[in-house]
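Chemist:
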Amino acid sequence: MFNELNRAIKESKTVFLLSLIVLIPLLGIFYTYGYLLDVARRASKKKKIVFTDLEDDVENKFIRGLLVWVIQLAYFIPLLIIFLLFALFASYVETIFYVILAGILYLIHIYCMPAILITYCQKYKLIDAFSTKIFAKVFTKDYLIAMIYSALLSFAGLAVFLIPLLLLIWSFTITESSNLWVFFLVLTILCTILYLFYLKMLALVTVVLVVSKAYGDGRK
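Take 547 as the starting number for the sequence shown in my numbering and just add one per residue.
#1: Near F622, what residues of its chain come up, given a Cβ to Cβ distance below 7 Å and the 5 sequence neighbours on each side ignored?
#2: Would you call the stretch 561-573 in contact with the stretch 585-592, where contact means no fewer than 3 C-beta pairs closer than 8 Å?
#3: Between the beta-carbon of V753 and the beta-carbon of S717, is there less than 7 Å?
#4: Should D602 go down as buried or exposed, given a rule of 16 or more other Cβ atoms within 10 Å for buried?
#5: Examine the Cβ distances between the stretch 612-631 and the stretch 569-584 and report whether three or more of them are shorter than 8 Å.
#6: Tell me whether the beta-carbon of F701 lies closer than 7 Å to the beta-carbon of T738.
#7: Between P660, I567, Q618, which lies nearest to L690 when the distance is taken from Cα to Cα?
#8: What are the boundary residues of the alpha helix (DSSP H) that includes N725?
#9: So which of V756, T598, A633 has the shortest CA-CA distance to L698?
#10: Can you check whether the CB of C667 is closer than 7 Å to the CB of V684?
#11: Over what stretch of residues does the alpha helix (DSSP H) that includes T560 continue unbroken?
#12: With L748 and T734 assumed to form a contact (beta carbons below 8 Å), what rounded beta-carbon distance in angstroms separates them?
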């Protein structure tokens, strides 16, 4: 994971620009998905990881990013239907059951989705995203470890945003230091900017590299 994190840090300019692009409603999100798919494809094949220029092949990146959204929606709808079917028995089952069920379904969705998208980006054929061969990769030790690393990295980036916020809330309970909240407010704002415009995308890029390499095994 540290090699991939170091590689992503070296591409800080690209990471920062992607953080800005993704803020553009719909268009920015689709383009960013498409760009990361290209990175994932190279990493999964264990070629030399190349972060291409952002302006290269923009149209195809946008279209592929749009298809990512279609794939995610296609997999999410069955899970939603399952949840709604269980919800019909609301008068017989405790509410906590639905919370647990929703959590399990969501975890299944986010756990499998990287493998699904990486399979799709090998040849950019939509049908490949629904191949049963995907699950042979999902239930492997390397993939599980990669997902654990990815989760830890994502939580670490989120902590940079949450810790100052919690300290800010805590400072309001201290009457002895009336100016302490000002310091934590400034710190919270700075960390929020850092998280939104760098750390969040840095974690995502690193996740793409880690999971892609674990998925690919270099035998494509």
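Ideal Cβ placement from N, Cα and C applies to all residues, glycine included.
Modeler: On the basis of the coordinates in this document:
#1: H655
#2: no
#3: no
#4: exposed
#5: yes
#6: no
#7: P660
#8: First-last for N725: undefined, no H or E at that position.
#9: V756
#10: no
#11: 558-567
#12: Not a contact, Cβ separation roughly 19 Å.
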